[in-house]
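**Q** Take the sequence shown: its letters are residues 14 to 265, numbered as in the working numbering. Even glycine gets a Cβ: it sits at the ideal position worked out from N, Cα and C. Please read these numbers as outputs of a predicted model, since none were measured by experiment.
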Amino acid sequence: MRRQRSTFHPSPAIRRAAALSAATALSLGLAACGGGGSASSSAASTGSGATTAAATAAGSSSAAGSAAATSAGSTEASSGTPAPLTKADDAAAATSAPTDDEVWGGLGAVQGMDPQGSDSAGVETDLRFGRHDGYDRIVVETSGEGTLGYRAEFVDEAATLGKGDAISLTGGAYLLQVIGTNTQMPVTEDLQKVAYTDLGVHDVDGTWTKQVYLDGTFEDQFQVVIATDARQYRVTTLTNPTRLVIDLRDPS
14 MRRQRSTFHP
24 SPAIRRAAAL
34 SAATALSLGL
44 AACGGGGSAS
54 SSAASTGSGA
64 TTAAATAAGS
74 SSAAGSAAAT
84 SAGSTEASSG
94 TPAPLTKADD
104 AAAATSAPTD
114 DEVWGGLGAV
124 QGMDPQGSDS
134 AGVETDLRFG
144 RHDGYDRIVV
154 ETSGEGTLGY
164 RAEFVDEAAT
174 LGKGDAISLT
184 GGAYLLQVIG
194 TNTQMPVTED
204 LQKVAYTDLG
214 VHDVDGTWTK
224 QVYLDGTFED
234 QFQVVIATDA
244 RQYRVTTLTN
254 PTRLVIDLRD
264 PS
């Protein structure tokens, strides 16, 4: 699938790193952690099922863009704030907090994993965000039992899947793009009943994260774009229910 790209404008005088690839919300504190789900994968720049790549080209540009209304040619996305975390979610999230022993992706690094098996991971059903001690967490939950694949990297720019409209976010020095794979469009009545419909820009109150963009499935892929000041990330997939978990932190 060919993706079109357009310009992302970060905060001034901040260097950013980007990677180009050929194939590519306040309660996201992990119901991903609730429900007793087991981890099916955690791929990083090294390890089984992971792909690595180096990214080049860094630059700085002037700040621009708005979450609720973007300039001509940019997406006109809904904005909102996901519901806050419950205490249960917070407690569950703490038990699966990322550690320094794990491999984190950074500026110029790519994390990736292909989905396993032939079953679909279904449609996106929920988007959640959580701020925790030492990291911010974003979770996308899906309806199917198949595994999710993904590709994550810091980029200079991002565009909507299919249309290729520019995605404009504010509040971060860097732009992290995560492409989730093995999902499907809500083309049936049953899928439409459970599909998450609040797509677009979400304002969040993270330590390093202020805006998140969820782009619905197109051709078996969905997209999460995050404006962040964090320089490290980790992506994990979980089961029961199926979830894509994105953790962000800054080592400084």
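Is it right to say V168 is buried, meaning 16 or more other beta carbons lie within 10 angstroms of its own, or is it exposed?
**A** Taking the sequence shown and counting its residues from 1, the one referred to as residue 168 is at position 155. V168 is buried by the Cβ-count criterion.
**Q** I need the DSSP call for D228, collapsed to helix, strand or coil.
**A** Here the question's residue 228 lines up with position 215 in the sequence shown. D228: strand per DSSP, three-state reduction.
**Q** For the region 169-181 against the region 249-257, are there 3 or more C-beta pairs whose distance is under 8 Å?
**A** Short answer: they don't touch.
**Q** Look at T196 and S133 and say whether their C-beta atoms are less than 8 Å apart.
**A** Translated into the one-based positions of the sequence shown, residue 196 becomes position 183. Translated into the one-based positions of the sequence shown, residue 133 becomes position 120. It is a contact, given that the beta carbons lie within the stated cut-off.
**Q** Would you report the Cα separation of R141 and Y163, rounded to the nearest angstrom?
**A** The sequence position of residue 141 within the sequence shown is 128, counting from 1. The sequence position of residue 163 within the sequence shown is 150, counting from 1. Going by the C-alpha atoms only, they are around 18 Å apart.
**Q** If distances are taken between C-alpha atoms only, which option among Y187, L161, E166, D263 comes closest to A240?
**A** One-based indexing of the sequence shown puts residue 240 at position 227. The option with the nearest alpha carbon to A240 is Y187.
**Q** Which residue from Q190, A122, I192, D218 puts its Cα closest to that of R144?
**A** Indexing the sequence shown from 1 puts residue 144 at position 131. Ranking the options by Cα distance to R144, first place goes to D218.
**Q** If we call anything under 8 Å between Cβ atoms a contact, is G118 one with Q245?
**A** The sequence position of residue 118 within the sequence shown is 105, counting from 1. The sequence position of residue 245 within the sequence shown is 232, counting from 1. Cβ atoms of G118 and Q245: closer than 8 Å.
**Q** Rounded to whole angstroms, what is the Cα-Cα separation between E2 and G157?
**A** With the chain covering 14 to 265 only, the question about residue 2 has no answer from this structure.
**Q** Thinking C-alpha only, which one of L174, T250, A122 is nearest F235?
**A** Indexing the sequence shown from 1 puts residue 235 at position 222. It is L174.
**Q** Within the present structure, is the beta-carbon of N195 separated from the nearest heavy atom of the ligand NAP by less than 7 Å?
**A** Inclusion of the ligand NAP in the displayed structure is not the case, the ligand content being empty and no account of it being possible.
**Q** Where does G159 land, buried or exposed, given buried means 16+ other C-beta within 10 angstroms?
**A** Position 146 of the sequence shown, counting from 1, holds the residue named residue 159. Flag for G159 reads buried.
**Q** Hey, out of T249, L227, A243, whose CA is closest to Y148's CA?
**A** The residue given as residue 148 occupies position 135 in the sequence shown. Nearest of T249, L227, A243 to Y148, Cα basis: A243.
**Q** So, at 7 Å on beta carbons, what are the nonlocal neighbours of V207 in its own chain, with the 5 sequence-adjacent residues on each side left out?
**A** Here residue 207 corresponds to residue number 194 of the sequence shown, with the count starting at 1. Excluding positions up to five away in sequence, the list reads V136, T138, S156.
**Q** Which residue from P199, V238, Q205, D203 puts its Cα closest to that of D216?
**A** Counted from its first residue, the sequence shown places residue 216 at position 203. Nearest of P199, V238, Q205, D203 to D216, Cα basis: V238.
**Q** Report the rounded CA-to-CA distance for L212 versus I151, giving the unit in angstroms.
**A** Working through the sequence shown from its first residue, we reach residue 212 at position 199. Working through the sequence shown from its first residue, we reach residue 151 at position 138. Taking the straight line joining both Cα atoms gives about 14 Å.
**Q** So, with DSSP's three-state summary, where would you put L257?
**A** The residue labelled residue 257 in the question sits at position 244 within the sequence shown. It is a strand residue.
**Q** I need the DSSP call for V200, collapsed to helix, strand or coil.
**A** Taking the sequence shown and counting its residues from 1, the one referred to as residue 200 is at position 187. Here V200 sits in coil by DSSP.
**Q** Relative to the alpha-carbon of A122, which residue among V191, Q129, T210 has its alpha-carbon at the smallest distance?
**A** What you label residue 122 is simply residue 109 of the sequence shown in a count that begins at 1. That would be V191, whose Cα lies nearest to the Cα of A122.
**Q** Note down the Cα distance separating T194 from S131, rounded to an integer number of angstroms.
**A** As a first step, residue 194 must be located in the sequence shown, where it is residue number 181. As a first step, residue 131 must be located in the sequence shown, where it is residue number 118. Near 12 Å, if we compare the C-alpha coordinates of S131 and T194.
**Q** My assumption, with CB atoms under 8 Å, is that L189 sits in contact with T250. Please give the rounded CB distance.
**A** Working through the sequence shown from its first residue, we reach residue 189 at position 176. Working through the sequence shown from its first residue, we reach residue 250 at position 237. With a Cβ gap of about 17 Å, L189 and T250 do not count as contacting.
**Q** At the level of alpha carbons, what is the spacing between L289 and A165?
**A** It is not possible to answer for residue 289, since the shown part of the chain is limited to 14 through 265.
**Q** Let's see if you can read the secondary structure: which residues bound the beta strand (DSSP E) around I180?
**A** Residue mapping note: residue 180 aligns to position 167 of the sequence shown, counting from 1. Taken as a continuous stretch (DSSP letters only), I180 belongs to no beta strand (DSSP E), as it is neither H nor E.
**Q** Is W221 near R262, with beta carbons less than 8 Å apart?
**A** The residue given as residue 221 occupies position 208 in the sequence shown. The residue given as residue 262 occupies position 249 in the sequence shown. Yes.
**Q** Helix, strand or coil, according to DSSP, for Q205 in the structure here?
**A** Walking along the sequence shown from the start, residue 205 turns up at place 192. Looking at Q205 - three-state DSSP - the assignment turns out to be helix.
**Q** Tell me whether P264 is buried or exposed, calling it buried when 16 or more other Cβ atoms sit within 10 Å of its Cβ.
**A** The residue you call residue 264 lines up with position 251 of the sequence shown. Exposed.
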